Amino acid sequence: MNRLLIAAVISIIVASNSFAQTQVIAHRGFHSTGNSYNNTISALKNAQQLGIYGSEFDVHETRDGSLIVIHGLRHLSIPNVQDEDFATIRNLPLSNGEIVPTLDEYLEQGKQSATTRLIIEIKSHSTAEQETRVVKKVLAAVEKHELSSLVEYIAFSKHVCNELVKYSPEGTKIAYLSGDLTPEQCKEAGFTGIDYSIEVTKNNPQWIKQSHELGLTVNVWTVNDTENLQWCIDHGVDFITTDNPTEAILLLEK
Ligand code: MG
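Laid out in structure tokens, this is it:
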């Protein structure tokens, strides 16, 4: 083999290995440590300190149009944060004493790391019009903070993903969460990855290879136990979304 050919083979091996290296995303931030709580600023800080690939969080719009970072519709005595005013939600601190952050506050903290990517889950809202409005507002906030290159998007709503394809800058990463589309259908829709549950992924392991052949990334949620973390690593998924990022790191270092 001549030198050029050897160099080409080495670069292909390096490229394929870097594609195959599984990366860790903290699910709702790294909250399973200290006095943290999911989707808080401290959970994002903890993920940034771990130096992992990304920190995921959930965005809802309140009744009066604020974008807040919180997981479920319920917040303490409030049954549905999307039907409540921002001030009322904000007046009810989380169990660790932190307040529910706004998207702006979260993005401000996001800037403190140049490497930990912000994986924004735009939650489903009650109408398509509202989802379109939320997509546009989230994209505008990310642009205002000059974070477009550090942000990726995920959603269960096909409409949210479609609107992200339509309105986001070229090259934006958009992965679909619901698990009911094949990799071909996701590719066709313009999404850049699948982000399916561990159950869906294990039921359709062929989707990992098919996604990679289509140039799509594969993310799996929410993988917390050793056996499933190892399964994901062994099957070459690109990203593991986990509440247990430290164990995922230890397994990857083995
Ligand atoms: Mg989420």
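With numbering that gives the first Met the number 0 applied, the sequence shown has no gaps in its numbers, which climb one by one up to 253 at the end.
Ideal Cβ positions, reconstructed from N, Cα and C, are used throughout, including at glycine.
No experiment lies behind these values; they were computed from the predicted model shown.
Taking all protein chains in view, the Cβ of residue 125 is surrounded by fewer than 16 other Cβ atoms within 10 Å, so the residue is classified as exposed. Using a Cβ distance threshold of 8 Å, residue 88 and residue 74 count as a contacting pair. Across the structure, residue 104 and residue 68 are spaced so that their CA atoms are roughly 9 Å apart. Beta-carbon to beta-carbon, residue 159 and residue 121 are separated by about 5 Å, close enough to satisfy the 8 Å threshold. The beta-carbon distance between residue 133 and residue 163, rounded to whole angstroms, is 11 Å. This is too long to meet the 8 Å contact definition. Excluding the 5 residues flanking it on each side, residue 111 has same chain C-beta neighbours closer than 7 Å at 47, in chain order.
Of the heavy atoms belonging to the ligand MG, none sits nearer than 7 Å to the Cβ of residue 194.
When distances are taken from the beta-carbon of residue 103 to the heavy atoms of the ligand MG, even the shortest one reaches 7 Å or more.
Contact annotation: residue 149 and residue 109 have beta-carbon atoms nearer than 8 Å. Closest by C-alpha distance to residue 56, out of 62, 229, 198 and 29, is 29.
Under a 10 Å Cβ-count criterion, residue 33 is classified as exposed, with fewer than 16 other Cβ atoms of the shown protein chains found around its own Cβ. Residue burial annotation: residue 100 is buried, with at least 16 other C-beta atoms found within 10 angstroms of its C-beta.
In this structure, the straight-line span from the alpha carbon of residue 84 to that of residue 235 is close to 44 Å.
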